[in-house]
Amino acid sequence: MHTESIDDHVGYTLRGQGEILEKLRLMQRKRCLVTAHHPDSKANLVTAIVEILPERGWIVFDMGSSEAVNRQFAKARPVVFMAQVDGVRSQFLVEGLTETTWRGEPVFAAPLPQSLFWHQQREFYRVAIPLAMPVKCRVGLEGGAVEFGVYDLSLSGLALSDKGARIGAGLDVGHLLEGCKLVLPSQPDIPVNLEIRNKILQARPDRPQAQRVGCAFRSLGRGMETQLQKFIFEVELWQKRQGAAARYQSR
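Numbering (the UniProt record's numbering) for the sequence shown: 1 to 251.
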């Protein structure tokens, strides 16, 4: 199902084998770390591409440092890989990993991906946060920390639900909110710094001061980015399952 999620970005999805091999070889040549995850595990497998064998249709990856994580990923179906190459984000999916050896060393082998997402623009897919998977953000304001709901989320930023205009006139566009905490369901909190980008009034009779506050992440660490991308993937997967269930019930 995640293939559909990647394909939502058709403009940046490579499908030709030559183009895919070129990007994979670039990752190998630059010795990029590649992070693998799958929806049934909270663990990540950090690895690297050891060899690319187009004549056999395989990619060879290093084993991870944890035997327990290696065992999990040997059984995982499917597996999503993410990497950064000179600041460009890449993502691809394989049906599974096979434990084998290469030049006498234990490795994972995987079939070559059918498509590869190559994101050169600094625009990121934004996912709406469902009520079933609420996300909160704790922001330190004058008088103490305030917890806001999150409307939507991407790797570049988020939108806060500020029902009482707590982020007031003194905190204008461009202001940096430091030391915030992004609270995700069933995951460790993510420390973030937020730059205010816009404020949109969403007044209602019962909430005359309600506003939506768009923010950009500043200095988000690589590990935090991986955790955030994994959660976005989980939300997309949940939304697609809900859509499939609704279509089935309407038959």
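Every residue gets a Cβ at the ideal spot worked out from N, C-alpha and C, and that includes glycine.
Quick caveat, the model's predicted, so the values are computed rather than measured.
- Membership of Ile167 in any alpha helix (DSSP H) is not indicated, and neither H nor E is assigned to it by DSSP.
- Beyond the five residues adjoining it in sequence on each side, Ile232 comes within less than 6 Å, by CB distance, of Val127 in the same chain, given in chain order.
- Assignment of Gln84 by DSSP, reduced to helix, strand and coil, places it in the strand class.
- Under the three-state reduction of DSSP output, Ala159 falls in the strand class.
- Per DSSP, Val69 is one residue of the alpha helix (DSSP H) stretching across 67 to 75.
- Exposure of Gly221 is indicated by the presence of fewer than 16 other C-beta atoms within 10 angstroms of its C-beta.
- For Leu182, the enclosing beta strand (DSSP E) stretches over residues 176 to 183.
- Contact between Val34 and Met63 does not hold, since their C-beta atoms are separated by about 13 Å, which reaches or exceeds 8 Å.
- Secondary structure at Ile196: strand, using DSSP grouped into helix, strand and coil.
- Following the DSSP letters along the chain, one finds Lys136 inside the beta strand (DSSP E) bounded by residues 136 to 141.
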